[in-house]
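Trainee: The structure follows.
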Amino acid sequence: MNSTLEELNIQLYGSGSDFGEIVSIIKGVTRNDTITSLFLSYVIEDENYRYRNDYPNLGIDLPNEVLEQLLKNNKTLNAFCLIKKCSMENISLNIVNLNAPQTAIDIRDDAHVTKNSELMGSLLSHIKELHSLRLHRPYSTYRIFISHPSLHTLSLPLNTAESAIELFTILQTNTTLKALRVTIDENTISVGTSLQDLLKENQTLNIFEVTTSLLSPITPILPFLTTGLCHNNGQQQLRVPITLPVISDELIPFLYILSQNKNLTEIQFELKLHFRFMLIRKTDELDNMLIPLFYTQVLPAVTNMLQSHTTIKQLRILCFDLVEEYIPADFNNLDKEEYAGVMEFLKTIYTHPSLEHVLVGSLITFRKGTWDYGFYNRSILKDIFKDQKQTLIDRHKKEQPHKPLPEVIITLT
(Lines of atoms letter the chains of each structure in order from A and count residues from 1; the text may use other names and numbers.)
(Lines give C-alpha, C1' and ligand atoms only; values in the text may rest on other atoms or scores of the structure.)
Protein backbone atom coordinates (compact mmCIF):
# COMPACT_ATOMS: atom_id res chain seq x y z
CA MET A 1 0.00 0.00 0.00
CA ASN A 2 1.27 3.46 -0.91
CA SER A 3 1.35 5.30 2.39
CA THR A 4 1.69 8.72 0.73
CA LEU A 5 -1.25 8.53 -1.71
CA GLU A 6 -3.77 11.28 -0.99
CA GLU A 7 -5.86 11.58 -4.17
CA LEU A 8 -7.26 8.70 -6.22
CA ASN A 9 -9.02 9.19 -9.59
CA ILE A 10 -10.20 6.01 -11.34
CA GLN A 11 -12.45 5.66 -14.39
CA LEU A 12 -13.52 2.12 -15.27
CA TYR A 13 -15.11 1.01 -18.52
CA GLY A 14 -16.41 -2.55 -18.59
CA SER A 15 -19.08 -4.99 -19.66
CA GLY A 16 -20.77 -5.34 -16.28
CA SER A 17 -19.22 -8.71 -15.47
CA ASP A 18 -16.13 -7.01 -14.05
CA PHE A 19 -18.11 -4.86 -11.61
CA GLY A 20 -16.30 -6.44 -8.67
CA GLU A 21 -13.36 -4.14 -9.35
CA ILE A 22 -15.26 -1.09 -8.15
CA VAL A 23 -16.20 -2.94 -4.95
CA SER A 24 -12.57 -3.90 -4.32
CA ILE A 25 -11.45 -0.31 -4.82
CA ILE A 26 -14.00 1.03 -2.34
CA LYS A 27 -13.04 -1.62 0.23
CA GLY A 28 -9.36 -0.77 -0.23
CA VAL A 29 -9.98 2.93 0.31
CA THR A 30 -12.07 2.08 3.38
CA ARG A 31 -8.94 0.62 5.02
CA ASN A 32 -6.63 3.37 3.77
CA ASP A 33 -5.62 6.10 6.21
CA THR A 34 -4.02 8.61 3.80
CA ILE A 35 -6.45 9.10 0.89
CA THR A 36 -8.44 12.31 1.28
CA SER A 37 -10.01 12.51 -2.19
CA LEU A 38 -11.65 9.71 -4.21
CA PHE A 39 -13.14 10.04 -7.71
CA LEU A 40 -14.60 6.77 -8.98
CA SER A 41 -16.49 6.34 -12.26
CA TYR A 42 -17.89 3.10 -13.67
CA VAL A 43 -19.47 2.96 -17.14
CA ILE A 44 -20.79 -0.07 -19.01
CA GLU A 45 -19.55 0.33 -22.58
CA ASP A 46 -20.84 -2.95 -24.04
CA GLU A 47 -23.82 -1.72 -26.09
CA ASN A 48 -25.53 -5.14 -26.22
CA TYR A 49 -25.21 -5.50 -22.46
CA ARG A 50 -26.29 -1.98 -21.71
CA TYR A 51 -29.50 -2.11 -23.68
CA ARG A 52 -30.77 -5.47 -22.54
CA ASN A 53 -34.40 -5.33 -21.41
CA ASP A 54 -33.50 -6.24 -17.83
CA TYR A 55 -30.93 -3.44 -17.51
CA PRO A 56 -30.29 -1.92 -14.95
CA ASN A 57 -31.26 -4.95 -12.81
CA LEU A 58 -28.39 -7.17 -13.93
CA GLY A 59 -27.00 -8.29 -10.58
CA ILE A 60 -24.17 -5.75 -10.63
CA ASP A 61 -25.28 -3.66 -7.67
CA LEU A 62 -22.95 -2.48 -4.96
CA PRO A 63 -23.15 -5.01 -2.11
CA ASN A 64 -25.09 -3.89 0.90
CA GLU A 65 -23.10 -1.71 3.29
CA VAL A 66 -20.02 -1.26 1.06
CA LEU A 67 -20.59 2.48 0.77
CA GLU A 68 -21.78 2.69 4.35
CA GLN A 69 -18.58 1.04 5.59
CA LEU A 70 -16.47 3.45 3.57
CA LEU A 71 -18.08 6.49 5.14
CA LYS A 72 -18.25 4.98 8.64
CA ASN A 73 -14.78 3.44 8.93
CA ASN A 74 -12.58 5.76 6.86
CA LYS A 75 -11.47 8.71 8.95
CA THR A 76 -9.54 10.73 6.34
CA LEU A 77 -11.75 10.92 3.22
CA ASN A 78 -13.13 14.42 2.79
CA ALA A 79 -13.97 14.48 -0.94
CA PHE A 80 -15.91 11.65 -2.58
CA CYS A 81 -17.30 11.39 -6.12
CA LEU A 82 -19.04 8.23 -7.37
CA ILE A 83 -20.47 8.18 -10.90
CA LYS A 84 -22.10 4.88 -11.73
CA LYS A 85 -23.81 4.11 -15.03
CA CYS A 86 -25.60 1.11 -13.54
CA SER A 87 -28.00 0.29 -10.75
CA MET A 88 -27.61 1.25 -7.09
CA GLU A 89 -30.92 -0.36 -6.23
CA ASN A 90 -29.61 -2.63 -3.47
CA ILE A 91 -27.25 -0.18 -1.83
CA SER A 92 -27.59 0.17 1.93
CA LEU A 93 -29.32 3.30 3.16
CA ASN A 94 -28.57 2.62 6.83
CA ILE A 95 -26.07 5.46 7.02
CA VAL A 96 -26.17 6.93 10.49
CA ASN A 97 -22.71 7.26 12.02
CA LEU A 98 -20.21 8.83 9.65
CA ASN A 99 -16.60 9.22 10.70
CA ALA A 100 -15.13 10.38 7.38
CA PRO A 101 -14.68 14.18 7.53
CA GLN A 102 -16.75 14.73 4.38
CA THR A 103 -16.60 18.26 2.98
CA ALA A 104 -17.32 17.46 -0.70
CA ILE A 105 -19.63 14.83 -2.15
CA ASP A 106 -20.95 13.90 -5.61
CA ILE A 107 -22.85 10.66 -6.23
CA ARG A 108 -24.69 9.91 -9.45
CA ASP A 109 -26.56 6.78 -10.52
CA ASP A 110 -27.93 7.35 -14.02
CA ALA A 111 -29.74 4.03 -14.13
CA HIS A 112 -31.81 4.21 -10.97
CA VAL A 113 -33.15 7.68 -10.32
CA THR A 114 -35.37 6.91 -7.33
CA LYS A 115 -32.73 5.05 -5.34
CA ASN A 116 -30.16 7.72 -6.24
CA SER A 117 -32.38 10.39 -4.69
CA GLU A 118 -32.99 8.30 -1.56
CA LEU A 119 -29.27 7.68 -1.14
CA MET A 120 -28.42 11.35 -1.41
CA GLY A 121 -31.19 12.21 1.01
CA SER A 122 -29.80 9.72 3.53
CA LEU A 123 -26.27 11.04 3.15
CA LEU A 124 -27.20 14.71 3.36
CA SER A 125 -29.17 14.20 6.55
CA HIS A 126 -26.16 12.68 8.36
CA ILE A 127 -23.09 14.35 6.87
CA LYS A 128 -22.32 17.61 8.61
CA GLU A 129 -20.45 20.71 7.48
CA LEU A 130 -20.30 19.97 3.78
CA HIS A 131 -18.39 22.62 1.82
CA SER A 132 -19.06 21.30 -1.69
CA LEU A 133 -22.16 19.49 -2.95
CA ARG A 134 -23.10 18.38 -6.44
CA LEU A 135 -26.58 17.00 -7.00
CA HIS A 136 -27.82 15.45 -10.23
CA ARG A 137 -31.46 15.23 -9.19
CA PRO A 138 -33.74 17.92 -7.73
CA TYR A 139 -33.56 18.25 -3.96
CA SER A 140 -35.07 20.66 -1.44
CA THR A 141 -32.82 23.72 -1.32
CA TYR A 142 -34.29 24.67 2.04
CA ARG A 143 -33.15 21.36 3.54
CA ILE A 144 -29.71 21.75 1.98
CA PHE A 145 -28.96 25.05 3.66
CA ILE A 146 -30.56 24.08 6.97
CA SER A 147 -28.25 21.05 7.17
CA HIS A 148 -25.18 22.68 5.61
CA PRO A 149 -25.01 26.41 6.36
CA SER A 150 -21.27 26.51 5.58
CA LEU A 151 -21.67 25.33 1.99
CA HIS A 152 -19.19 27.02 -0.38
CA THR A 153 -20.03 25.30 -3.68
CA LEU A 154 -23.41 24.04 -4.87
CA SER A 155 -24.43 22.44 -8.16
CA LEU A 156 -27.96 21.16 -8.78
CA PRO A 157 -30.83 21.03 -11.29
CA LEU A 158 -33.96 23.10 -10.73
CA ASN A 159 -36.90 21.38 -12.39
CA THR A 160 -39.65 23.84 -11.46
CA ALA A 161 -40.01 27.58 -11.29
CA GLU A 162 -40.87 27.24 -7.60
CA SER A 163 -37.61 25.46 -6.76
CA ALA A 164 -35.59 28.07 -8.64
CA ILE A 165 -37.33 30.95 -6.89
CA GLU A 166 -36.84 29.27 -3.50
CA LEU A 167 -33.10 28.87 -4.07
CA PHE A 168 -32.54 32.38 -5.46
CA THR A 169 -34.51 33.89 -2.58
CA ILE A 170 -32.48 31.99 0.04
CA LEU A 171 -29.21 33.09 -1.54
CA GLN A 172 -30.09 36.78 -1.57
CA THR A 173 -28.96 36.95 2.07
CA ASN A 174 -26.36 34.16 2.00
CA THR A 175 -22.74 35.28 2.40
CA THR A 176 -21.08 31.85 2.58
CA LEU A 177 -21.73 30.31 -0.84
CA LYS A 178 -19.03 31.28 -3.35
CA ALA A 179 -19.94 29.12 -6.37
CA LEU A 180 -23.39 28.28 -7.74
CA ARG A 181 -24.13 26.10 -10.77
CA VAL A 182 -27.76 25.49 -11.69
CA THR A 183 -29.70 23.97 -14.57
CA ILE A 184 -33.11 25.53 -15.10
CA ASP A 185 -35.81 23.54 -16.88
CA GLU A 186 -38.57 26.12 -16.63
CA ASN A 187 -37.19 29.54 -17.45
CA THR A 188 -40.19 31.72 -16.74
CA ILE A 189 -40.47 35.44 -16.14
CA SER A 190 -40.85 34.79 -12.42
CA VAL A 191 -37.56 32.86 -12.39
CA GLY A 192 -35.84 35.69 -14.26
CA THR A 193 -37.02 38.28 -11.75
CA SER A 194 -35.85 36.16 -8.83
CA LEU A 195 -32.49 35.59 -10.54
CA GLN A 196 -32.14 39.31 -11.08
CA ASP A 197 -32.77 40.00 -7.39
CA LEU A 198 -30.22 37.36 -6.37
CA LEU A 199 -27.47 39.02 -8.42
CA LYS A 200 -28.40 42.47 -7.12
CA GLU A 201 -28.42 41.47 -3.45
CA ASN A 202 -25.66 38.85 -3.19
CA GLN A 203 -22.24 40.48 -3.54
CA THR A 204 -20.18 37.49 -2.38
CA LEU A 205 -21.00 34.95 -5.10
CA ASN A 206 -17.82 34.63 -7.19
CA ILE A 207 -18.75 31.82 -9.60
CA PHE A 208 -22.18 31.75 -11.21
CA GLU A 209 -23.22 29.27 -13.89
CA VAL A 210 -26.74 28.89 -15.22
CA THR A 211 -27.67 26.49 -18.00
CA THR A 212 -30.94 25.39 -19.52
CA SER A 213 -32.17 22.01 -20.64
CA LEU A 214 -31.82 21.43 -24.39
CA LEU A 215 -35.52 20.65 -24.69
CA SER A 216 -36.88 23.35 -22.41
CA PRO A 217 -39.14 26.06 -23.88
CA ILE A 218 -36.83 28.70 -22.49
CA THR A 219 -37.44 32.41 -22.34
CA PRO A 220 -34.43 34.72 -22.87
CA ILE A 221 -32.96 35.75 -19.52
CA LEU A 222 -30.39 38.29 -20.72
CA PRO A 223 -32.41 41.33 -19.57
CA PHE A 224 -32.61 39.92 -16.04
CA LEU A 225 -28.91 39.06 -16.00
CA THR A 226 -28.04 42.53 -17.29
CA THR A 227 -30.01 44.29 -14.58
CA GLY A 228 -28.68 42.02 -11.85
CA LEU A 229 -25.03 42.20 -12.91
CA CYS A 230 -25.27 45.96 -13.32
CA HIS A 231 -25.37 46.13 -9.51
CA ASN A 232 -22.78 43.41 -8.91
CA ASN A 233 -19.08 43.25 -9.76
CA GLY A 234 -18.30 40.22 -7.60
CA GLN A 235 -18.45 37.56 -10.32
CA GLN A 236 -15.13 36.03 -11.35
CA GLN A 237 -16.51 33.17 -13.48
CA LEU A 238 -19.74 33.36 -15.46
CA ARG A 239 -21.56 30.81 -17.62
CA VAL A 240 -24.85 31.84 -19.23
CA PRO A 241 -27.18 30.67 -22.03
CA ILE A 242 -27.98 32.98 -24.92
CA THR A 243 -31.19 32.12 -26.75
CA LEU A 244 -31.11 32.42 -30.54
CA PRO A 245 -32.28 34.40 -32.39
CA VAL A 246 -31.02 37.06 -30.00
CA ILE A 247 -32.16 40.67 -29.96
CA SER A 248 -29.29 43.13 -30.31
CA ASP A 249 -30.96 45.47 -27.83
CA GLU A 250 -30.61 42.69 -25.23
CA LEU A 251 -27.20 41.30 -26.18
CA ILE A 252 -25.21 44.53 -26.47
CA PRO A 253 -26.15 45.97 -23.02
CA PHE A 254 -25.45 42.58 -21.44
CA LEU A 255 -21.97 42.35 -22.95
CA TYR A 256 -21.26 45.96 -22.04
CA ILE A 257 -21.99 45.22 -18.39
CA LEU A 258 -19.61 42.27 -18.54
CA SER A 259 -16.88 44.42 -20.07
CA GLN A 260 -17.05 46.77 -17.08
CA ASN A 261 -16.49 44.01 -14.51
CA LYS A 262 -12.71 43.78 -14.18
CA ASN A 263 -13.00 40.94 -11.65
CA LEU A 264 -14.53 38.70 -14.30
CA THR A 265 -11.80 36.44 -15.71
CA GLU A 266 -13.70 33.44 -17.16
CA ILE A 267 -16.79 33.60 -19.39
CA GLN A 268 -18.71 30.86 -21.17
CA PHE A 269 -21.58 31.63 -23.52
CA GLU A 270 -23.90 28.82 -24.62
CA LEU A 271 -25.83 29.73 -27.75
CA LYS A 272 -29.01 27.67 -27.95
CA LEU A 273 -31.95 27.73 -30.32
CA HIS A 274 -35.31 28.77 -28.95
CA PHE A 275 -37.48 25.70 -28.48
CA ARG A 276 -39.91 26.64 -31.24
CA PHE A 277 -37.07 26.58 -33.79
CA MET A 278 -36.00 23.09 -32.78
CA LEU A 279 -39.28 21.80 -34.18
CA ILE A 280 -38.20 22.83 -37.67
CA ARG A 281 -34.58 21.70 -37.47
CA LYS A 282 -34.84 19.75 -40.73
CA THR A 283 -35.22 22.86 -42.86
CA ASP A 284 -32.26 24.74 -44.30
CA GLU A 285 -34.03 28.07 -43.86
CA LEU A 286 -33.24 28.09 -40.17
CA ASP A 287 -29.50 27.71 -40.71
CA ASN A 288 -29.58 30.31 -43.48
CA MET A 289 -31.10 32.75 -40.99
CA LEU A 290 -29.16 31.96 -37.81
CA ILE A 291 -25.62 31.48 -39.14
CA PRO A 292 -25.40 35.03 -40.58
CA LEU A 293 -26.71 36.35 -37.26
CA PHE A 294 -23.82 34.62 -35.50
CA TYR A 295 -21.24 36.22 -37.80
CA THR A 296 -22.79 39.68 -38.12
CA GLN A 297 -24.26 40.20 -34.64
CA VAL A 298 -23.02 37.79 -31.98
CA LEU A 299 -19.34 37.60 -32.96
CA PRO A 300 -18.87 41.40 -33.44
CA ALA A 301 -20.63 42.06 -30.12
CA VAL A 302 -18.32 39.63 -28.32
CA THR A 303 -15.33 41.26 -30.05
CA ASN A 304 -16.36 44.68 -28.74
CA MET A 305 -16.64 43.24 -25.24
CA LEU A 306 -13.13 41.78 -25.47
CA GLN A 307 -11.70 45.07 -26.66
CA SER A 308 -13.13 46.81 -23.59
CA HIS A 309 -12.31 44.06 -21.09
CA THR A 310 -8.61 44.03 -20.21
CA THR A 311 -8.55 41.35 -17.51
CA ILE A 312 -10.44 38.39 -19.00
CA LYS A 313 -8.38 35.20 -19.23
CA GLN A 314 -10.74 32.57 -20.61
CA LEU A 315 -13.55 32.80 -23.17
CA ARG A 316 -15.68 29.92 -24.41
CA ILE A 317 -18.49 30.11 -26.94
CA LEU A 318 -20.46 26.89 -27.43
CA CYS A 319 -23.08 26.77 -30.19
CA PHE A 320 -25.76 24.13 -29.73
CA ASP A 321 -27.30 22.70 -32.91
CA LEU A 322 -26.11 25.38 -35.30
CA VAL A 323 -24.94 23.72 -38.50
CA GLU A 324 -23.18 25.85 -41.07
CA GLU A 325 -23.84 24.68 -44.62
CA TYR A 326 -20.49 26.02 -45.75
CA ILE A 327 -18.76 25.14 -49.02
CA PRO A 328 -15.06 26.11 -48.98
CA ALA A 329 -14.39 28.87 -51.49
CA ASP A 330 -12.12 31.79 -52.19
CA PHE A 331 -12.24 34.06 -49.13
CA ASN A 332 -12.57 37.05 -51.46
CA ASN A 333 -16.01 35.78 -52.48
CA LEU A 334 -17.31 35.58 -48.92
CA ASP A 335 -19.73 38.09 -47.50
CA LYS A 336 -17.56 41.12 -46.67
CA GLU A 337 -19.31 41.81 -43.37
CA GLU A 338 -18.89 38.22 -42.21
CA TYR A 339 -15.24 38.09 -43.24
CA ALA A 340 -14.46 41.42 -41.56
CA GLY A 341 -16.19 40.29 -38.37
CA VAL A 342 -14.19 37.07 -38.22
CA MET A 343 -10.87 38.84 -38.87
CA GLU A 344 -11.54 41.46 -36.20
CA PHE A 345 -12.43 38.73 -33.70
CA LEU A 346 -9.23 36.79 -34.40
CA LYS A 347 -7.03 39.89 -34.31
CA THR A 348 -8.55 40.91 -30.99
CA ILE A 349 -7.78 37.48 -29.51
CA TYR A 350 -4.12 37.56 -30.50
CA THR A 351 -3.53 41.17 -29.41
CA HIS A 352 -5.52 41.01 -26.18
CA PRO A 353 -3.51 41.91 -23.06
CA SER A 354 -4.86 39.13 -20.81
CA LEU A 355 -6.55 36.35 -22.82
CA GLU A 356 -5.02 32.92 -22.25
CA HIS A 357 -7.63 30.49 -23.61
CA VAL A 358 -10.34 30.80 -26.28
CA LEU A 359 -12.70 28.08 -27.49
CA VAL A 360 -15.42 28.46 -30.13
CA GLY A 361 -17.13 25.15 -30.72
CA SER A 362 -20.27 23.34 -31.82
CA LEU A 363 -22.35 20.76 -30.02
CA ILE A 364 -24.64 18.98 -32.45
CA THR A 365 -27.33 16.72 -31.03
CA PHE A 366 -30.49 16.70 -33.09
CA ARG A 367 -29.13 15.91 -36.53
CA LYS A 368 -26.91 13.02 -35.58
CA GLY A 369 -28.48 11.86 -32.32
CA THR A 370 -25.19 12.23 -30.47
CA TRP A 371 -22.69 14.87 -29.40
CA ASP A 372 -20.43 16.11 -32.19
CA TYR A 373 -17.84 18.72 -31.26
CA GLY A 374 -17.18 19.57 -34.88
CA PHE A 375 -13.47 18.82 -35.04
CA TYR A 376 -13.65 17.43 -38.57
CA ASN A 377 -16.21 19.70 -40.22
CA ARG A 378 -15.56 23.04 -41.85
CA SER A 379 -16.84 26.56 -41.25
CA ILE A 380 -16.00 30.09 -42.30
CA LEU A 381 -14.48 30.84 -38.90
CA LYS A 382 -12.44 27.64 -38.81
CA ASP A 383 -11.08 28.06 -42.35
CA ILE A 384 -10.17 31.72 -41.94
CA PHE A 385 -8.45 30.91 -38.66
CA LYS A 386 -6.47 28.13 -40.30
CA ASP A 387 -5.48 30.44 -43.16
CA GLN A 388 -4.48 33.38 -40.95
CA LYS A 389 -3.12 31.57 -37.89
CA GLN A 390 0.58 32.01 -38.64
CA THR A 391 0.10 35.69 -39.49
CA LEU A 392 -1.75 36.21 -36.21
CA ILE A 393 0.98 34.41 -34.27
CA ASP A 394 3.70 36.52 -35.90
CA ARG A 395 1.81 39.70 -35.05
CA HIS A 396 1.41 38.58 -31.45
CA LYS A 397 5.13 37.86 -31.09
CA LYS A 398 5.98 41.26 -32.53
CA GLU A 399 3.53 43.33 -30.48
CA GLN A 400 3.53 41.27 -27.25
CA PRO A 401 6.88 39.47 -27.08
CA HIS A 402 6.68 38.91 -23.33
CA LYS A 403 3.11 37.54 -23.27
CA PRO A 404 2.59 33.80 -23.93
CA LEU A 405 0.53 32.89 -26.97
CA PRO A 406 -3.15 32.34 -26.14
CA GLU A 407 -4.49 28.83 -26.61
CA VAL A 408 -7.08 29.14 -29.39
CA ILE A 409 -9.38 26.25 -30.35
CA ILE A 410 -11.88 26.75 -33.18
CA THR A 411 -14.19 23.78 -33.78
CA LEU A 412 -17.27 25.64 -35.03
CA THR A 413 -18.99 23.61 -37.77
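Take the sequence shown: its position 257, counting from 1, is numbered 259 in my numbering, and each next residue is one higher. Glycine included, C-beta positions come from ideal geometry on N, C-alpha and C.
1. Smallest Cα separation from H311: which of I319, N265, T298?
2. Find the nearest neighbour of E70 within the set S356, T229, E268, I129, judged by alpha-carbon distance.
3. So if DSSP puts Q316 in a beta bridge, which residue, or which two residues, is it bridged to?
4. Give a yes or no on whether the C-beta atoms belonging to L7 and T36 are separated by under 7 Å.
5. Of all the beta strand (DSSP E) runs that stay within the bounds of the segment 188 to 259, which reach a length of 3 or more residues?
6. Tell me whether the beta-carbon of V242 lies closer than 7 Å to the beta-carbon of V193.
7. Sort Q299, K29, T298 by Cα distance to E67 and report the nearest one.
8. What did DSSP end up calling I172 once you bin it into helix, strand or coil?
9. Pull the bridge partners of T413 from the DSSP assignment, please.
10. Using a threshold of 7 Å, state whether the C-beta atoms of L273 and L348 are closer than that.
11. Please report the residue range of the alpha helix (DSSP H) in which T177 lies.
12. Out of E23, I148, L42, P247, which has the shortest C-alpha to C-alpha gap to L275?
13. Whole angstroms are fine: how far does the CA of K338 sit from the CA of L160?
14. Tell me which residue opens and which closes the beta strand (DSSP E) that L135 is part of.
15. Using the beta-carbon count (16 or more within 10 Å), is T177 buried or exposed?
16. By how many angstroms is the C-alpha of K400 removed from the C-alpha of K391?
17. Within its chain, find whatever has a CB closer than 6 Å to the CB of A81; leave out the 5 residues flanking it on each side and keep chain order.
18. Near I167, which residues of its chain fall below 7 Å by C-beta distance, leaving aside the five closest residues on each side in sequence?
Mentor: If we stick to the structure as given:
1. Distances from the CA of H311 to each of I319, N265, T298 were compared; the closest alpha carbon is that of N265.
2. Distances from the alpha-carbon of E70 to those of S356, T229, E268, I129 put I129 closest.
3. The partner list for Q316 (beta bridge, DSSP) reads E268, H359.
4. Yes, Cβ-Cβ distance for L7 and T36 is below 7 Å.
5. Runs of the beta strand (DSSP E) inside the segment 188 to 259: 209 to 214, 239 to 246.
6. For V242 and V193, no; Cβs fall outside 7 Å.
7. Among Q299, K29, T298, the Cα nearest to that of E67 belongs to K29.
8. It is helical.
9. Per DSSP, the beta-bridge partners of T413 are G363.
10. No. Outside cutoff.
11. Here T177 belongs to no alpha helix (DSSP H), and DSSP marks it neither H nor E.
12. Out of E23, I148, L42, P247, the CA that lies nearest to the CA of L275 is found in P247.
13. One C-alpha to the other measures close to 43 Å.
14. L135 -> beta strand (DSSP E) spans 134 to 136.
15. The residue in question, T177, is exposed, as its Cβ has fewer than 16 Cβ neighbours within 10 Å.
16. Taking C-alpha positions only, K391 is separated from K400 by approximately 14 Å.
17. So the qualifying residues of the chain are S39, A106.
18. Here the set comprises S192, V193, S196.
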